[in-house]
Amino acid sequence: MFRVLECSARVSNVSRTGQETVLDYYGPGAWFGEVSAIDGLPRVHDARAHESATVLHLTTSDLDDLMILHPVLSRALLRLQALRLRLLLVALETYSAQSMEQRLANRLLMLAISFGVATTKGLKIKLHLPQETLAQLIGATRQGVNQILKKWEAEGTIGQRYGRILLLDQARLEKLAQD
C-alpha cells in the first residue's frame, strides 16, 4: 500500500497487448494499492511517479500490524474502499449518460481540484496531459478530444500548450459539464 507524499502518481493498466490506459492521477495525501494489501492478490493496476514524486510504502505485514495496534485504521480502509466504489459507480453513470464533451469538462474540473494552481490568467492544471491521456481518462478517442479542446480554446474556455491545460473560464466549463 502506498501514499503519495509529494507530487503525483499516474495510475494505469496495461493490456495483454502492452497498451497502457491511464485511469487516474493521485496527488499528495492519496493512498493506493490497498486492494492488493488487503486481499493478497496481484495488483489490479500500476502506478508510476508523474514527474518526480515521493511516496510512503506500507508492506502487507506493516498494514496488518498497524490494524491490530490501531483498529480505527480498519474503519478508515473501509471508508476508503466505500469512496472508491462510490466514485466507480459515478464514473459508470457518467460514461453511459454523458457526452464526450461533458465527460471531458468534468474530468478537467476534477483534475483542477486536485492539481490546479491559480494564475493571473486562470487555473493551471499542474499535470502534463497529452490528448491521448485525456482520451483514456474519459473513454474517448484522441481525435475527439482534440476537436473539443480546439473548440474550447477558440471560445476562450481553456488554453493549452504542449500537454498543459489552463482553465480560462471555469464557469463556462462547469456549465458545459452539466449541459
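Residue numbers for the sequence shown follow full-length UniProt numbering, beginning at 1 and rising by one.
Note that the Cβ used here is the ideal one computed from N, Cα and C, for glycine as well.
The residue from Leu167, Arg48 and Ser99 with its alpha-carbon nearest to that of Ala135 is Ser99.
DSSP places Asp46 inside the beta strand (DSSP E), whose first and last residues are Asp46 to His57. Remark: C-beta atoms of Ala53 and Cys7 approach each other more closely than 7 Å. Here the C-alpha atom of Ser114 lies approximately 15 Å from the C-alpha atom of Gly122. Exposure of Gln19 is indicated by the presence of fewer than 16 other C-beta atoms within 10 angstroms of its C-beta. Inclusion of Thr157 and Arg142 in the CB contact set at 7 Å is not warranted, their separation being larger than that value. Residues Trp31 and Leu56 of the same chain have their beta carbon placed closer than 6 Å to that of Arg3, with the five preceding and five following residues left out of the count.
According to the DSSP assignment, Ser99 belongs to no beta strand (DSSP E), since it is labelled neither H nor E. Restricting attention to Asp24, Gln170, Thr59 and Gly29, the CA atom closest to the CA of Ile38 is found in Thr59.
Contact between Ile148 and Leu104 is confirmed by a C-beta separation of about 6 Å, below the 8 Å threshold. When Ala49, Thr119, Ala177 and Arg84 are compared, the shortest CA-CA separation from Ile165 is found for Thr119.
Around the CB of Ala154, fewer than 16 other CB atoms lie within 10 Å, so the residue is classed as exposed.
With respect to the 7 Å criterion, Gly116 and Ile125 are classified as neighbours on the basis of their beta carbons. Counting only runs of 4 or more residues that sit fully inside the segment 63-142, the alpha helix (DSSP H) segments are 72-97, 100-115 and 131-138, in chain order. The distance from the Cβ of Val145 to that of Gln160 is about 11 Å, inconsistent with a contact at the 8 Å cut-off. Bridge partners of Val35 according to DSSP: none are assigned. In this model, Pro28 and Arg10 are separated by some 12 Å (Cα to Cα). Where Gln19 is concerned, there is no enclosing beta strand (DSSP E), because DSSP gives it neither an H nor an E.
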